[in-house]
Amino acid sequence: MFKIGIVGCGAMGSKVAEEIKSRFRLKAKVVALFDIDESRSKRLSSAIGKDPLSVGLDELIRSSDLIIEASSVSAVKSLVGKAIDAGKDIMVMSSGGLMNGKAIFDKAAAKRVSIYVPSGALAGLDGVKAAAIGKIASVTLTTTKPPKGLQGAPFIVENRIDLSALKKDTVIFEGAALDAVKAFPANVNVAATLSFASSAPVRIKIIASPGLKRNIHEVEVKGEFGTLTARTENIPLSDNPRTSTLAFLSAVRMLQDILGDAGMRS
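Residue numbers 1 to 266, in my numbering, belong to the letters of the sequence shown in order.
In structure tokens:
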């Protein structure tokens, strides 16, 4: 039985844990849970059964075959470093935490540890990866979200932006992917994921759209291959408007690949 530990027991971590228990029960089980707020890991442990224990981080790493990170951008590099030191594979949902992480990837490769990054809320990443074999001229990402999906982001707080006062679509941010991840760490992991797929600088525009019910991501890649465009209109995760249901489903799909349940792979 494949043993999985989940770090971060909020909306995403909880849904992934529940899915493992139902969909993958014959091949895998959640054996350990960790959250900086211990009450959340204990609550999730009680909700999905007695097997997954709320434990310390070091114990979770020791007892798991695969670690799933569903915590925060700020926690990623430390957690991934510990996983690599222990020789444990890890799936990273907060992909923004791996920006400027060449040293981490090199260390993982040297120790033959896999760092899995799901496609998240984006489509078309297979095409982007193919394009990256050749020359890419530009990569742009336009993200449009309901104002409440941006609430509490450092950029919003520091610039005292009153999202509730917006009456029309408003460009909130425009710049490099790395800067976007710092400004909106819980909102634009897609920018980091696109950066990894393209191996090229990504320019991102973030728009707040009053009345919008979905998170929209539009990707445009230009290069010697031609032009690639992809658009997703994502329903927000019910318990967390900052992320998308497709991001959760991409983690489930990646687990299928890891566990060998996926059939044809692409």
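By construction, the Cβ of each residue, glycine as well, lies at the ideal position given by its N, Cα and C atoms.
- For Leu44, the closest alpha carbon among the candidates Ser64, Ile61, Gly56, Gly10 is that of Gly10.
- Runs of alpha helix (DSSP H) with 4 or more residues, each lying fully within the region 35 to 104, are found at 38 to 48, 57 to 63, 73 to 85, listed in chain order.
- Judged by beta-carbon spacing, Ser199 lies within the 8 Å limit of Ala132, meaning their Cβ atoms are closer than that value.
- A direct Cα-Cα distance of roughly 26 Å separates Leu228 from Asp257.
- The DSSP-derived three-state label of Ser244 is strand.
- If you compare the alpha carbons of Ile20, Leu98, Met1, Lys42 with that of Phe248, the shortest gap goes to Ile20.
- Comparing C-alpha distances from Ile216 to each of Gly5, Phe225, Lys205 shows the shortest one belongs to Lys205.
- Under the DSSP assignment, Lys111 falls outside any alpha helix (DSSP H); it carries neither an H nor an E label.
- Under DSSP, the beta-bridge partners assigned to Lys222 are Ser138, Thr227.
- Distance check between Pro147 and each of Ser238, Ile6, Glu69, Gly211 places Gly211 closest, using alpha-carbon atoms only.
- In the structure shown, Val128 adopts helical secondary structure according to DSSP, grouped into three states.
- Only residues of its own chain outside the window of five on either side were considered, and among them Lys27, Ala28, Lys29 have a CB closer than 8 Å to the CB of Met1, listed in chain order.
- Just measuring C-alpha positions, the residue of Leu178, Met254, Leu255, Gln151 sitting nearest Gly96 is Leu178.
- In this structure, the CA atom of Val139 is about 11 Å from the CA atom of Glu218.
- Look at Leu33 here: in three-state DSSP terms it is strand.
- Annotated three-state conformation of Val188 is coil, per DSSP.
- Rounded to whole angstroms, the Cβ separation of Val181 and Met99 is 6 Å, and the two are in contact under 8 Å.
- CA-to-CA, the gap between Val92 and Glu59 works out to about 19 Å.
- The C-beta distance from Thr245 to Leu255 rounds to 16 Å, too long to fall under 8 Å, and the pair is not in contact.
- Close CB contacts of Val76 within its chain, under the 7 Å cut and outside five residues either way in sequence, are with Glu69, Val92, Ser94, Gly97, Leu98 (chain order).
- A residue is called buried once 16 or more other Cβ atoms fall within 10 Å of its Cβ, and Gly152, having fewer, is exposed.
- Looking at the DSSP output, Arg203 shares a beta bridge with Thr140, Ala176.
- For Phe2, the enclosing beta strand (DSSP E) has its first and last residue at 2 to 7.
- Sequence-distant partners of Lys135 (beyond 5 residues in either direction) whose C-beta falls short of 8 Å from its own C-beta, in its chain, are Gly223, Glu224.
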